[in-house]
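Those protein sequence lines, which keep their order, are chains A and B. Yeah, the first sequence ends on 709 if you go by UniProt numbering, and it's all consecutive. Yeah, the second sequence ends on 300 if you go by UniProt numbering, and it's all consecutive. Here's the structure we're looking at; comments come further down.
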Amino acid sequence: MQPEKFYYDNKIVRNFGIATIVWGIIGMTVGLLVAIQLFSPAANLGNQYTTFGRIRPLHTNAVIFAFVGNAIFMGVYYSLQRLLKARMFSDVLSKIHFWGWQLIILSAVLTLPLGFTTSHEYAELEWPIDIAITLIWVVFGVNMFGTIFKRRERHLYVAIWFYIATFVTIAVLHIVNSFELPISGLKSYYLFAGVQDALVQWWYGHNAVAFFLTTPYLGMMYYFLPKMANRPVYSYKLSILHFWALIFIYIWAGPHHLLYTTLPGWAQSLGVAFSIMLIAPSWGGMINGLLTLRGAWDKVRDDVVLKFMVVGLTAYGMATFEGPLLSLKQVNAVGHFTDWIVAHVHVGALGWNGFLTFAILYWLIPRIYKTNLFSKKMAAFHFWIGTLGILFYAIPMYGAGFTQGLMLKEFTPEGMLKYPNFLETTMRIIPMHVMRSIGGSFYLLGVIVMAYNLARTMLQGSLVSNEAAEAMPLEPVYVKQNGDIWHKVIERKPIRLMVLSLIVILIGTFIELMPTMTISSNIPTIASVKPYTPLELQGRDLYIREGCSNCHSQTVRPFRSETERYGDYSKAGEFVYDHPFLWGSKRTGPDLHREGGKYGNAWHYNHMMDPRLMSPGSIMPNYDWLLNQDLDTTTTAAKITAMRRLGVPYAPGYALKANQDLNKQAQEIADNLAKDHIKVKPNKEIVAIIAYLQRLGTDIKVNKTANNQ
Amino acid sequence: MKLLKYIIICLLVTGAQTVNAADDSLITPAVRDYLGYGAIILIMVTIIVAMLMINRAFKLVAKVFLPAEYAAMEVARKKAKIKKPKAQVIQKLLSLKPLSEEKSILIEHDFDGIHELDNPTPAWFMGLFYASIIFGIVYLLSYHVFGFGQLQDEEYKTEMLVAAKEKEAYLAKAANRVDETTVKLSTEPAALAEGKNVFKQSCAPCHGDKAQGMVGPNLTDDYWLHGGKISDVFKTIKYGVTAKGMPTWEKQLSPKQIADVANYIKSIRGTNPSGAKEAQGTKEDDEPAVAANTAMVVQN
């Protein structure tokens with residue numbers, strides 16, 4: 001048999017590489033902007049399109065799906081071809097994949113600041129974009145499996161197992177968390193409500209971290225690290241064990257994002273137990289990476305690429321130890337909703353994803369351009385300023401998290417909250433937020449230096465678009481080799497590998513999701529809880545549009561420190577009409593679930609106009625545009641109809657009468673405001689949002705009995 | 001051994017005696033527990049020491065009566081010691097093979113030049129993995145099968161109960177127990193100063209920095225919406241009038257603080273600040289200042 005000649009497609013790798021750098025800089029710049037807004041609200045540039053609630057999702061989407069996403073595709077397209085000894089299946093599909101993905105990102109950049117959001121974290125994009133993501137993901141899958149089928153390498157290397165698991169799991173997660181009922185071109189309601197919606201969202205949210213930020217990067221680590229260090233991978237057996245253990249256990253851990261909420265206790269405990277079991281499988285990847293460097297540590301001293309890899313792997317090890325720690329209820333009680341979580345995710349994002357991406361870029365760009373890196377000194381500078389940036393970011397945020405978490409729980413001997421005013425705790429941590437933004441700008445500076453360095457590298461070399469390679473074609477029949485262990489069978493059957501990974505991730509999914517969706521005793525209903533009035537529903541959608549849930553939670557946990565501060569703790573039955581749930585994941589401001597009736601309408605009006613009038617020192621931005629913008633009531637009928645289809649018990653035909661009720665309630669609020677000399681037309685957005693805020697958490701003050709037990 | 005027997009018997013007897021002695025309440029139950037633990041530990045230590053001594057004695061006996069066998073045994077023991085130096089124990093725990101032996105575990109096939117080693121999974125790693133699985137199982141069992149751990153609703157009840165007890169114990173001692181029925185009008189400067197502080201922090205955003213009224217009503221005039229007597233003002237602050245936008249302060253201010261701020265409000269009556277809001281509510285005559293120089297704000 002003759003060896004076959006073929007060409008690797010380097011151009012697509014280069015394109016994804018450039019996209020990684022460009023979106024990385026954009027995403028991190030937006031991150032810096034939102035960080036500054038947390039101590040200087042005026043940094044919202046005075047308009048709604050660049051205000052925290054709207055561009056914080058832009059930051060997370062840009063760094064996760066644009067920066068990390070493009071980096072994944074760059075790494076996969078480079079390593080997949082070489083590990084399979086084959087060119088990508090179809091150049092056309094590669095191009096569709098590349099441009100499709102960039103268009104999706106562009107649509108996010110346009111829609112999120114305009115306020116089109118589903119409110120599900122890391123899944124904020126509205127339904128047409130969700131469909132586009134699904135299609136492009138399928139294109140990626142077809143291209144990957146097409147390449148696998150025409151491979152010249154019998155067995156799939158461990159990196160490809162991770163790529164396959166990434167592909168199937170992200171597909172499942174994305175589809176289930178996008179069950180939405182469209183009500184207009186860019187607005188939809190989630191199928192699930194309240195507790196169920198929360199569980200689906202955090203099953204998704206947690207596993208987006210697992211299968212978008214972790215597994216593809218582990219795959220890339222398994223290809224690039226041995227290449228960079230020129231060392232064999234430490235243990236094949238460890239690869240097998242930690243791969244299967246990781247994907248099986250990870251999927252169960254989602255409920256640890258919902259500890260002490262109204263999620264059923266058994267689901268919370270499963271989340272805790274599986275999070276602890278996740279330590280070893282996560283560390284398996286770090287150990288296999290660091291021990292691969294055995295005998296090459298002298299190289300680490302000189303080679304900046306390996307330095308990035310070592311810090312990246314260490315950050316991964318720290319973050320995956322801290323995660324399970326934070327899942328323990330006692331730790332979670334203090335850490336959740338605080339900056340501790342922000343520090344935790346940034347150790348992972350900046351250290352693991354960021355540094356691995358930089359290492360791969362520094363290694364790969366000179367190779368596909370047949371040249372040397374333009375400046376090693378600049379790369380070394382990037383490494384040090386980046387590491388410093390991570391430290392300056394993480395340490396103050398840990399400090400802020402502990403400080404605020406503990407202050408909020410402190411009582412005086414009289415049995416009063418020591419800091420009854422939430423704002424007091426916010427003001428205490430402002431210096432730490434300033435330091436965090438300094439750390440962030442260090443990190444961003446490093447990336448800009450890298451962009452310059454790599455641009456110069458590209459200019460001094462020339463791209464080898466089609467890199468020649470040779471390999472023997474596969475024998476038609478495989479003859480079993482001596483010493484083949486059982487796992488080898490799976491390694492040469494890609495479809496079987498995919499189906500097996502799918503089964504493995506579906507086990508935890510079904511056990512946690514199905515009972516919560518189908519068994520009614522998991523969500524006891526409350527008779528006094530009624531659907532929102534049309535005006536409140538419109539107000540709720542404004543709350544979603546402005547991204548209020550980025551800073552305010554809507555779930556009071558059963559702690560003395562929270563019931564004293566906010567009121568009675570939340571019950572599952574209170575959220576049954578919440579499509580979507582709005583529990584939030586961070587308390588930059590106080591919880592709002594019992595906000596209804598706490599202050600007068602005039603207080604809310606003034607507070608929205610300028611929060612500092614009512615709460616001196618507040619870091620909440622002004623929402624003065626709500627005072628001037630007219631509420632769009634043309635959507636009311638469609639919204640009520642959609643809610644009815646989702647099972648919310650509005651009377652039949654109510655959709656057509658809804659606007660009458662809406663106007664009546666709006667007039668009442670406007671009249672009430674007029675008593676306090678606030679002149680406002682009832683058709684302004686502020687009236688709707690006041691109506692919603694005044695409704696929050698008031699249903700069970702009327703009647704506390706639960707039925708359906 | 002006889003000695004040991006005596007010691008054990010003595011300890012048991014003294015243990016039993018302390019149990020009996022509890023009735024005299026000379027020894028508290030806690031102390032009795034410590035004595036019990038001490039006795040148990042002492043017995044354990046004695047037994048271990050005895051075992052070691054017996055082992056030593058056997059060796060000596062062997063050395064004297066079976067010199068040949070003893071010598072052979074010693075040689076074997078030393079050999080085993082040489083075979084397993086300490087470094088190797090660590091290596092084994094980490095499951096690391098020396099780099100020089102790496103060739104023997106290299107898997108022949110490579111992927112794009114990447115080789116893999118056939119190293120076992122490290123022992124400590126497996127230990128960690130199994131331990132975490134056991135933790136997970138024990139965790140689930142203890143919360144959901146055996147009921148050792150409290151789930152969140154019970155945990156909350158316990159927390160509130162403990163807090164209520166602590167609060168009661170504290171308030172029983174402290175002179176802080178003022179409420180709307182016992183609050184008295186006062187002009188004591190310290191109380192008014194404290195009241196002013198609270199006002200600046202909590203009330204000024206709605207009532208204005210000089211109480212001239214903004215969102216909330218003017219507090220310096222003679223007109224009152226919910227009563228202008230000290231007890232009424234106290235009540236309004238404590239429970240709020242949430243329908244009209246006055247928040248409940250019961251959870252945020254201590255009773256003493258509410259009394260102080262109510263007195264402060266009473267003290268600024270008629271100050272006529274600039275920009276005063278128009279009168280709301282009904283006119284009330286001023287309350288006669290009872291015992292203006294009484295320092296007692298708080299009466300039990």
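Cβ atoms here follow ideal geometry from the backbone N, Cα and C, with glycine treated the same way.
Residue 314(A) is not a Cβ neighbour of residue 71(A), given a cutoff of 7 Å. Fully enclosed alpha helix (DSSP H) runs of no fewer than 4 residues occupy 422-428 of the region 401-458 of chain A, in order along the chain. Listed as beta-bridge partners of residue 223(B) by DSSP are 283(B).
A Cβ-Cβ contact shorter than 7 Å links residue 263(B) with residue 186(B).
Within chain A, no C-beta atom comes nearer than 7 Å to that of residue 66(B); the closest sits roughly 48 Å away. Assigned with DSSP and collapsed to three states, residue 234(A) falls in coil, not helix or strand. Using a Cβ-Cβ distance cut-off of 8 Å, the region 593-609 of chain A and the region 438-453 of chain A are not in contact, since fewer than three pairs of beta carbons, one from each stretch, lie closer than that value.
Among the residues of chain B, those whose CB is under 8 Å from the CB of residue 294(A) are 96, 99, following chain order.
Secondary-structure assignment with DSSP links residue 47(A) through no beta bridge to anything. Following the DSSP letters along the chain, one finds residue 231(B) inside the alpha helix (DSSP H) bounded by residues 230-239.
The region 383-402 of chain A makes contact with the region 421-433 of chain A; the number of CB pairs closer than 8 Å reaches 3 or more.
By DSSP's assignment, residue 337(A) forms a beta bridge with 586(A). Between residue 233(A) and chain B, the shortest Cβ-Cβ separation is below 7 Å. Listed along the chain, the chain A residues whose CB falls inside 8 Å of the CB of residue 251(B) are 416, 417, 420, 564, 565. It is roughly 14 Å from the alpha-carbon of residue 225(A) to the alpha-carbon of residue 216(A). In the three-state reduction of the DSSP assignment, residue 119(A) falls in the coil class.
Here the alpha carbon of residue 573(A) sits roughly 11 Å from the alpha carbon of residue 193(A).
By the Cβ test, the region 229-237 of chain B is not in contact with the region 150-165 of chain B, since fewer than three Cβ pairs between them sit closer than 8 Å. Residue pairing from DSSP places residue 114(B) in a beta bridge opposite 111(B).
Residue 139(B) reaches chain A at 269, 272, 273, 276, counting residues in chain order whose Cβ is nearer than 8 Å. For residue 676(A), at least one C-beta of chain B is nearer than 7 Å to its own C-beta. Here residue 272(A) is buried, its C-beta having at least 16 other C-beta atoms within 10 Å. In the pairwise beta carbon analysis, the region 571-587 of chain A is classified as touching the region 186-201 of chain A: at least three pairs are separated by under 8 Å.
In the DSSP assignment, residue 182(A) falls within the unbroken beta strand (DSSP E) covering 180-184. In the displayed model, residue 94(A) falls within a helix according to three-state DSSP. Minimum Cα-Cα distance from residue 497(A) among the listed residues 204(A), 247(A), 11(A), 214(A) corresponds to 247(A). Where residue 155(B) is concerned, the enclosing alpha helix (DSSP H) starts and stops at 152-173. Against chain B, a Cβ distance below 9 Å from residue 614(A) picks out 205, 206, 215. In this structure, residue 62(A) lies away from residue 440(A), with their beta-carbon atoms at least 7 Å apart. Rounded to the nearest whole angstrom, the CA to CA distance from residue 255(A) to residue 286(A) is 25 Å. With a threshold of 7 Å between beta carbons, residue 602(A) makes contact with chain B. Taken in chain order, the members of the region 128-155 of chain B whose beta-carbon sits within less than 8 Å of a beta-carbon on chain A are 128, 129, 132, 133, 135, 136, 137, 139, 140, 143, 144, 151, 152, 153, 155. For residue 482(A), DSSP assigns no beta-bridge partner whatsoever. For residue 283(B), there are no C-beta contacts with chain A under 7 Å, since the nearest C-beta of that chain is about 20 Å from it.
In terms of Cβ geometry, residue 542(A) and residue 689(A) form a close pair [threshold 7 Å]. Using a Cβ-Cβ cut-off of 7 Å, residue 218(B) does not count as an interface residue toward chain A, since no Cβ of chain A sits closer than that to its own.
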